[in-house]
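Report on the following structure.
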Amino acid sequence: MFSIQHMLRDLFSYFRVQQRLVLCCFSLLAIINAYTMRLCLDLSLNRIALEGCAHHPPPSSTPPHSAAQSKSHNWFTELAARLNQTENMLRARLRAGREHLYHPTRVPLAAIEQPVRVKVPSSASIKVSSRERISCSELWSRQTQTLVTVAFYAGYMLTHIPGGRLSERCGGKWILGAAIMSSAILTLLTPVAVRHGGPYALVAVRLGIGLCEGPTFPAVSALLAQWVPEGERGLLASGVLSGGEIGITLVQLLSGLVMAEEDWPVAFYVVGGGAVAWFLGFILICYSKPDNCPYIQSEERDYIKSHVSATLLVTSSNAGGDQPPNAPWKSMLMSTPLWALVSASMQHDWSQQQFAHELQKVLEDLRSKGSTLWDELEASIVVTAPHLCNWLASLSTGTLSDFLIAERILSRTETRRLMTWLVFVCGSMYMVYLKSDGARIWSVLAVGAYYAGVKLLPLDMSPNYAGTLMGISNGLGALPGLLLPYLQEFEADYAIVGSVRSALWLICSAYISGEVQSYNQPAG
Numbered sequence: 007m008f009s010i011q012h013m014l015r016d017l018f019s020y021f022r023v024q025q026r027l028v029l030c031c032f033s034l035l036a037i038i039n040a041y042t043m044r045l046c047l048d049l050s051l052n053r054i055a056l057e058g059c060a061h062h063p064p065p066s067s068t069p070p071h072s073a074a075q076s077k078s079h080n081w082f083t084e085l086a087a088r089l090n091q092t093e094n095m096l097r098a099r100l101r102a103g104r105e106h107l108y109h110p111t112r113v114p115l116a117a118i119e120q121p122v123r124v125k126v127p128s129s130a131s132i133k134v135s136s137r138e139r140i141s142c143s144e145l146w147s148r149q150t151q152t153l154v155t156v157a158f159y160a161g162y163m164l165t166h167i168p169g170g171r172l173s174e175r176c177g178g179k180w181i182l183g184a185a186i187m188s189s190a191i192l193t194l195l196t197p198v199a200v201r202h203g204g205p206y207a208l209v210a211v212r213l214g215i216g217l218c219e220g221p222t223f224p225a226v227s228a229l230l231a232q233w234v235p236e237g238e239r240g241l242l243a244s245g246v247l248s249g250g251e252i253g254i255t256l257v258q259l260l261s262g263l264v265m266a267e268e269d270w271p272v273a274f275y276v277v278g279g280g281a282v283a284w285f286l287g288f289i290l291i292c293y294s295k296p297d298n299c300p301y302i303q304s305e306e307r308d309y310i311k312s313h314v315s316a317t318l319l320v321t322s323s324n325a326g327g328d329q330p331p332n333a334p335w336k337s338m339l340m341s342t343p344l345w346a347l348v349s350a351s352m353q354h355d356w357s358q359q360q361f362a363h364e365l366q367k368v369l370e371d372l373r374s375k376g377s378t379l380w381d382e383l384e385a386s387i388v389v390t391a392p393h394l395c396n397w398l399a400s401l402s403t404g405t406l407s408d409f410l411i412a413e414r415i416l417s418r419t420e421t422r423r424l425m426t427w428l429v430f431v432c433g434s435m436y437m438v439y440l441k442s443d444g445a446r447i448w449s450v451l452a453v454g455a456y457y458a459g460v461k462l463l464p465l466d467m468s469p470n471y472a473g474t475l476m477g478i479s480n481g482l483g484a485l486p487g488l489l490l491p492y493l494q495e496f497e498a499d500y501a502i503v504g505s506v507r508s509a510l511w512l513i514c515s516a517y518i519s520g521e522v523q524s525y526n527q528p529a530g
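Basically this note's numbering = 1-based index in the sequence shown + 6.
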């Protein structure tokens, strides 16, 4: 181990590699890995359900002349019948005003035991009893697939704040490394869990991946607070925190290239294996603080220490010396800029969740028409190209932010508010030109401005507690991912929702702050 470190030290010294850039590159790769592991299932869930249906053939009572048709149509028609029954019951209950959600477990036992008759194109009638077998519609129902999807976000929200606090007290290196590595192991085990445990084993795995990935953004924020000088925060930090856009691009291209119907596990193996390789390099090269890094040159260490936030180092009278004491929860939670940050994060994630389903619909349409692998790859590139442009836009707007602050054209708060206004204006223009070819450029500018504005606020507001603030804002920001099926229906039914969201964004723009908050420096 010592010889490897010695070799790396000589190599970095010879090429004069700046370690803050190395740390930012590995942090960027960490977020890319986190997003690929998060989204890999979303783009393969339909194929997993189809494979599960193939493993549950029709009962032996099916007439021989309709066996071939039942294999390909029976599960689909049965699913449609049950979903239609569920929708009718839901509407009846809503009209009666007795309850707002339909729960399959609340159906009377007598109703469950009634046989279900499904018509197939050959006019044969198939009688299926729930006592004989579990149909595909029961095993992979729409409710079950929704549960699989939201299980990740349920776990993801829970570990944000604990991950942020641990990163501040123990260092972001091992918290981030453990988060990605544990997620990688569960990702590699996903195909086995699906094929041997069914949908509920998949729910458990996705919940575990969410719990493991929760500390990722807080840990990255804690690392950036230690390593990135204030004058480079717009470029480096926004470039790292927008890495999810590259992750979306990679996982969607992967879906178009290697996820044939019989080979969907390949994507999980590729994504999980990449995360394991990242972990091995990360623990060998990266460190939580510049003072702990054996590869950094003294000139760079002095430069970082003199240009990070002047309030970063906590007073030596604290028990931990260089560790933040207990977080000032009361002051944080009473902070108006924090709740403005939370509201903006939730609205952005709401919009981004809707964009994530575009490729899946495009690929499904292509497959229904008998498309080739290259057709799917071409469609993947067309849909994913804007996400790569989003990342490039975050670098551009981040550089602009650094320039405005360094030249004292605008204060840090005014710069962050300007970027927030750009998000609103560009987002509004995107909606105006939604059906035209020029709509995407407005979306790209809006996303880039978001990462150079709102996403950097935890580092601005409290360098000492950047992990905790990111945990609060990003954790609560993931709430739309948990409630997305209901939010989509709610927004479709009530047009006023869009107006309310716009008004909230304007209010957030007025209350966010890029200045260091009073609770950053502990008393005494």
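Idealized CB from N, CA, C, for every residue including glycine.
Taking contact to mean 3 or more Cβ pairs, one atom from each stretch, closer than 8 Å, check whether the stretch 212-225 and the stretch 185-192 are in contact. yes
For residue 334, the first and last residue of its enclosing alpha helix (DSSP H): Numbered from its first residue, the sequence shown carries residue 334 at position 328. Looking at the DSSP string, residue 334 is not in any alpha helix (DSSP H), and its letter there is neither H nor E.
DSSP on residue 234, reduced to helix/strand/coil? Within the sequence shown, residue 234 is the residue found at index 228, counting from 1. The answer is coil: DSSP assigns residue 234 none of H, G, I, E or B.
Can you tell me where the alpha helix (DSSP H) holding residue 432 begins and where it ends? Locating residue 432 in the sequence shown gives position 426, counting from the first residue. It spans 418-438 - the alpha helix (DSSP H) in which residue 432 sits, taken as one unbroken run.
How many Å lie between residue 157 and residue 432 at the Cα? Against the sequence shown, residue 157 aligns to sequence position 151. Against the sequence shown, residue 432 aligns to sequence position 426. Looking at the two C-alpha atoms, the distance is approximately 32 Å.
Cβ-based neighbour list, residue 167, same chain, cut-off 8 Å, excluding 5 preceding and 5 following: In the sequence shown, the residue the question calls residue 167 occupies position 161. If we look at residue 167 and ignore the five residues flanking it on each side, its Cβ neighbours are 224, 474, 477, 478 and 481.
Inspect the beta-carbon positions of residue 515 and residue 426 and report whether they are closer than 8 Å. On the sequence shown, residue 515 is found 509 positions in, with the first residue counted as 1. On the sequence shown, residue 426 is found 420 positions in, with the first residue counted as 1. Cβ atoms of residue 515 and residue 426: closer than 8 Å.
Contact under 8 Å by Cβ, residue 423 with residue 518: Translated into the one-based positions of the sequence shown, residue 423 becomes position 417. Translated into the one-based positions of the sequence shown, residue 518 becomes position 512. In this structure, residue 518 lies closer than 8 Å to residue 423 by Cβ.
Which same chain residues, not among the five before or five after residue 32, have their C-beta less than 8 Å away from its C-beta? Indexing the sequence shown from 1 puts residue 32 at position 26. The residues are 284, 287, 288, 291 and 292.
In whole angstroms, what is the alpha-carbon distance linking residue 309 and residue 494? Within the sequence shown, residue 309 is the residue found at index 303, counting from 1. Within the sequence shown, residue 494 is the residue found at index 488, counting from 1. Taking the straight line joining both Cα atoms gives about 48 Å.
Excluding the 5 residues preceding and the 5 following residue 497 in the sequence, name in chain order all residues of the same chain whose CB lies nearer than 8 Å to its CB. Against the sequence shown, residue 497 aligns to sequence position 491. So the list reads 503 and 504, once near-sequence residues are dropped.
Just the C-alpha distance for residue 236 and residue 214, rounded to the nearest angstrom, thanks. On the sequence shown, residue 236 is found 230 positions in, with the first residue counted as 1. On the sequence shown, residue 214 is found 208 positions in, with the first residue counted as 1. The alpha-carbon atoms of residue 236 and residue 214 are separated by roughly 36 Å.
For the ligand GDP, I want to know if residue 186 counts as a neighbour, meaning its beta carbon is within less than 7 Å of at least one of the ligand's heavy atoms. The ligand GDP is absent from the structure shown, which contains no ligand whatsoever.
Whole-angstrom distance between residue 356 and residue 90, CA atom to CA atom: The sequence position of residue 90 within the sequence shown is 84, counting from 1. The sequence position of residue 356 within the sequence shown is 350, counting from 1. Confidence is the limiting factor: at residue 90 the pLDDT is only 47, short of 50, which leaves the residue's position unreliable and the question unanswerable from this model.
If contact is defined by three or more beta carbon pairs under 8 Å, each pair taking one atom from either stretch, is the stretch 244-259 in contact with the stretch 453-466? yes
Kindly give me the distance between the Cβ atoms of residue 487 and residue 275, rounded to whole angstroms, as I take these residues to be in contact under 8 Å. The sequence position of residue 487 within the sequence shown is 481, counting from 1. The sequence position of residue 275 within the sequence shown is 269, counting from 1. Their Cβ separation, rounded to whole angstroms, is 25 Å, which puts residue 487 and residue 275 out of contact at 8 Å.
Where does residue 270 fall in DSSP's three states? For the purposes of this step, residue 270 is taken as the residue at position 264 of the sequence shown. DSSP places residue 270 in coil when its eight states are reduced to three.
Look up residue 292 in the DSSP assignment and say whether it is helix, strand or coil. Here residue 292 refers to the residue found at position 286 of the sequence shown. DSSP places residue 292 in coil when its eight states are reduced to three.
Which class does residue 47 belong to by DSSP, given the choice of helix, strand or coil? In the sequence shown, counting from the first residue as 1, residue 47 sits at position 41. It is coil, neither helix nor strand.
Under three-state DSSP, which class holds residue 41? Residue mapping note: residue 41 aligns to position 35 of the sequence shown, counting from 1. The answer is helix: DSSP assigns residue 41 an H, G or I state.
Does the distance from the CB of residue 449 to the CB of residue 522 come in under 8 Å? In the sequence shown, counting from the first residue as 1, residue 449 sits at position 443. In the sequence shown, counting from the first residue as 1, residue 522 sits at position 516. Not a contact, by the Cβ cut-off of 8 Å.
Between which two residues does the alpha helix (DSSP H) harbouring residue 169 extend? Taking the first residue of the sequence shown as position 1, residue 169 is located at position 163. Taken as a continuous stretch (DSSP letters only), the alpha helix (DSSP H) holding residue 169 covers 166-176.
If you draw a straight line from the alpha carbon of residue 413 to that of residue 232, how long is it in whole angstroms? Sequence index remark: in the sequence shown, residue 413 carries index 407 (1-based). Sequence index remark: in the sequence shown, residue 232 carries index 226 (1-based). Those two C-alpha atoms are separated by around 24 Å.
State the Cα-Cα distance for the pair residue 511 and residue 349, rounded to the nearest angstrom. Residue numbering aside, residue 511 sits at position 505 when the sequence shown is read from its first letter. Residue numbering aside, residue 349 sits at position 343 when the sequence shown is read from its first letter. Going from the Cα of residue 511 to the Cα of residue 349 covers about 8 Å.
Among residues of its own chain, excluding the 5 on either side of residue 402, which ones have a beta-carbon nearer than 7 Å to its beta-carbon? Numbered from 1 along the sequence shown, position 396 holds the residue referred to as residue 402. Closer than 7 Å at Cβ, skipping near neighbours: 454.
Rounded C-beta distance between residue 254 and residue 419? I'm assuming under 8 Å. In the sequence shown, the residue the question calls residue 254 occupies position 248. In the sequence shown, the residue the question calls residue 419 occupies position 413. That belief does not hold up - the Cβ atoms of residue 254 and residue 419 are roughly 30 Å apart, past 8 Å.
Let me check understanding here. Comparing Cα to Cα, which of 209, 146, 198 and 226 lies closest to residue 174? As a first step, residue 174 is located in the sequence shown; it is residue number 168 there, counting from the start. Considering only alpha carbons, the answer is 226.
Is the beta carbon of residue 24 less than 8 Å from the beta carbon of residue 306? Translated into positions along the sequence shown, residue 24 becomes position 18. Translated into positions along the sequence shown, residue 306 becomes position 300. A contact, by the Cβ cut-off of 8 Å.
Own chain partners of residue 354 with C-beta closer than 6 Å, once the 5 adjacent residues on each side are dropped: In the sequence shown, the residue the question calls residue 354 occupies position 348. Closer than 6 Å at the Cβ level, and outside the excluded window around residue 354, lie 456.
How should residue 200 be labelled, buried or exposed, when 16 other C-beta atoms within 10 angstroms of its C-beta is the threshold for buried? As a first step, residue 200 is located in the sequence shown; it is residue number 194 there, counting from the start. Classification for residue 200: buried.
Could you tell me the distance, in whole angstroms, from the CA atom of residue 45 to the CA atom of residue 387? The residue labelled residue 45 in the question sits at position 39 within the sequence shown. The residue labelled residue 387 in the question sits at position 381 within the sequence shown. Rounded to the nearest angstrom, the two C-alpha atoms are 17 Å apart.
So, using beta-carbon positions, are residue 271 and residue 197 closer together than 8 Å? As a working mapping, residue 271 is identified with position 265 in the sequence shown. As a working mapping, residue 197 is identified with position 191 in the sequence shown. Yes, the pair counts as a contact, with Cβ atoms nearer than the cut-off.
Measuring only the C-alpha atoms, how far is residue 531 from residue 429? For residue 531 there is no data in the structure shown, the boundaries of the chain being 7 and 530.
With respect to the alpha helix (DSSP H) encompassing residue 458, which residues constitute its N-terminal and C-terminal limits? Translated into the one-based positions of the sequence shown, residue 458 becomes position 452. Taken as a continuous stretch (DSSP letters only), the alpha helix (DSSP H) holding residue 458 covers 445-458.
Classify residue 10: buried if its beta carbon has 16 or more other beta carbons within 10 angstroms, exposed otherwise. Taking the sequence shown and counting its residues from 1, the one referred to as residue 10 is at position 4. With fewer than 16 Cβ atoms within 10 Å of its Cβ, residue 10 is classed as exposed.
Nonlocal neighbours in the same chain, by C-beta distance under 7 Å from residue 280, ignoring five residues either side: Against the sequence shown, residue 280 aligns to sequence position 274. Within the same chain, residue 280 has close Cβ partners 39.
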